[in-house]
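Okay, so here's the structure we're looking at.
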Amino acid sequence: MKLEVIRVLDDDGRVVHPEREPPLTGDDLRRLYRTMTLVRILDERMLRLQRQGRLGFYLTSLGEEATHIGAAHALRPGDWLYPAYREVGAALYRGYPLRTFMCQLFGNAEDPVKGRQMPVHHSVRRLNFVSVSSPVGSHIPHAVGTAWAAKLQKSEDVAVAFFGDGATSTPTFHVSATFAALKKAPAILLCRNNGWAISVPSSMQTASHSFAQKAVAYGMPGVLVDGQDILAMIHVVAEAAARGRRGEGPTLIEARTYRRGAHSSSDDPSKYRDPEEPREWERRDPIEKLRKYARGRGELDAAFEERTRQEIDAEIGDALAYAESRPPKPPLSSLVEDVFAEVTPRLREELAEVEAEVAKHGPKRPPHG
Ligand SMILES: Cc1ncc(C[n+]2csc(CCOP(=O)(O)OP(=O)(O)O)c2C)c(N)n1
Ligand SMILES: [Mg+2]
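Residues in the sequence shown are numbered consecutively from 16, following the numbering used here.
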């Protein structure tokens, strides 16, 4: 079985499938370009910060920006996003403030998840961007459950689970796909096939020609799309969302892309892959492709691009200074919060013991306990 790879643009940003070209205004194009560029610059700078020892951990989306930023554009603001960990651009597209982004990375007193998650595990309740969960594939059933709930409540919401090629080998992927199709839940299962799962190539995850074709066996449409082409991403996600809202059930989308960077700041890909491989994908850069298309339409120019980069630099500088000037850890009392509606007597006792211990050690204690 061979599926066509859905494209709108060729590698030079020329429209090759006008019938699929989404109706984007100049403002849409500039906002998409801006968010992609923001993610690109953030990734460079945060990785450097990690190397300087100022951040514990970081994960980049280098080369994969079109997959999730395109999806975010194609959806309604209230639709539910269940990210893996390379999709923070979708939250930024919806207006996740950079200062909060930065406080999360530092796990400081203003981190919305109170230092309980690793850096990059963002959670933005008001934007329906659900917490990143580290165990691979564990969030796919949550997305399907949310989609099913939306159907039962007769709301028009759809829910998207973003996950990698490696995640298709988890049991949760299979149960989610089976359940979503049986319940005709308005879910979009969006697989970012970026070629690698840390050191395991995607050719080791399946003997099928594609991940998308697995959809047939579950009883839903499977779509293969060029993940470097943001217009194609918008087109296929908009179609999948419309199907879901019409009550026709889920769609499995496989976006072909490539992880140009390391898996994370803790990984060294020179140990397991040919350094030429990422170079080939640099020629198919998703931001360049969008830039060429938008320039061709007269909606982007060098002055706008330069101004955008300068604004982004300034915003990142501001967010970094802000996050580094906050108290570096959440208060000790947060240790016992959020489990019960009210802190139980036993937890109050334990907290008092910890506070007494901290007080006893006085200035010798580590900062903020
Ligand atoms: C259940 C589970 N097993 C293993 C890991 C370690 N791990 C973290 S990310 C990852 C690879 C995931 O690859 P993929 O799904 O292709 O996503 P990508 O990192 O390429 O975006 C692994 C094995 C984990 N977090 N959870
Ligand atoms: Mg992968």
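Glycine included, each C-beta is placed from N, C-alpha and C at the ideal position.
Just to confirm my understanding: we take residue i, look at its own chain, exclude 5 residues before and 5 after, and list those with CB closer than 6 Å. What are they?
i, result
"Ala334", "Leu113, Arg114, Met117"
"Ile56", "Ile327"
"Gly384", "Reliability of the predicted coordinates at Gly384 is poor, the pLDDT of 43 falling under 50, and the value obtained from them is presented with this limitation in mind. Counting only Cβ-Cβ distances below 6 Å, and skipping sequence neighbours, we find Leu347, Val373."
"Ser146", "Ser138"
Who are the Cβ neighbours of residue i in its own chain at under 8 Å, not counting the five residues just before and after it?
i, result
"Val31", "Arg22, Val23, Leu24, Asp25"
"Ala227", "Leu18, Cys206, Gly237, Val238, Leu239, Leu267, Ile268, Glu269"
"Val354", "Leu362"
"Asp316", "Arg310"
"Glu303", "Gly28"
"Lys229", "Thr183, Ala192, Thr221, Ser223, Gly237, Leu267"
If you run the structure through DSSP and keep just helix, strand and coil, what is residue i?
i, result
"Val175", "strand"
"Gly384", "At Gly384, the pLDDT of 43 sits below 50, so the modelled position is not reliable and the matter cannot be decided from this model."
"Glu125", "coil"
"Gly237", "strand"
"Ala202", "strand"
"Pro186", "helix"
"Leu62", "helix"
"Glu19", "coil"
"Glu357", "coil"
"Arg207", "strand"
"Ile213", "coil"
"Arg4", "Residue numbering for the chain in the displayed model covers 16 to 384; residue 4 lies beyond these limits and cannot be assessed."
"Ala158", "helix"
"Val139", "strand"
"Tyr287", "coil"
Measuring only from the beta carbon, is residue i closer than 7 Å to any heavy atom that is part of ligand 2?
i, result
"Trp211", "yes"
"Arg274", "yes"
"Gly179", "yes"
Could you give the C-beta distance for residue i and residue j, rounded to a whole number, given that I count them as a contact under 8 Å?
i, j, result
"Ala106", "Val139", "5 Å"
"Ala309", "Ala89", "Not a contact, Cβ separation roughly 17 Å."
"Gly110", "Leu142", "7 Å"
"Thr183", "Gln220", "6 Å"
"Ala202", "Ala257", "That pair is no contact at about 14 Å."
"Asn208", "Glu79", "Not a contact, Cβ separation roughly 10 Å."
"Pro156", "Thr187", "5 Å"
"Leu74", "Ser279", "5 Å"
"Leu204", "Tyr48", "So it is not a contact: roughly 27 Å between Cβ atoms."
"Lys199", "Glu292", "40 Å between Cβ atoms; not a contact."
"Pro150", "Gly71", "So it is not a contact: roughly 19 Å between Cβ atoms."
"Trp95", "Ala158", "7 Å"
"Arg324", "Thr52", "7 Å"
"Ile331", "Arg60", "6 Å"
Compute the minimum distance between the beta carbon of residue i and the heavy atoms of ligand 1, and state whether it is under 7 Å.
i, result
"His137", "no"
"Ser149", "yes"
"Arg288", "no"
"His83", "no"
"His250", "no"
"Arg271", "no"
"Ala86", "no"
"Ala227", "no"
"Ala99", "yes"
"Ala182", "yes"
"His189", "no"
"His278", "yes"
"Arg207", "yes"
Tell me which residues share the same chain as residue i and place their Cβ nearer than 7 Å to its Cβ, disregarding the 5 neighbours each side in the sequence.
i, result
"Gly41", "Glu314"
Check whether the Cβ of residue i sits closer than 7 Å to any heavy atom of ligand 3, and report yes or no.
i, result
"Gly181", "What this structure holds is ligand 1 and ligand 2, not ligand 3."
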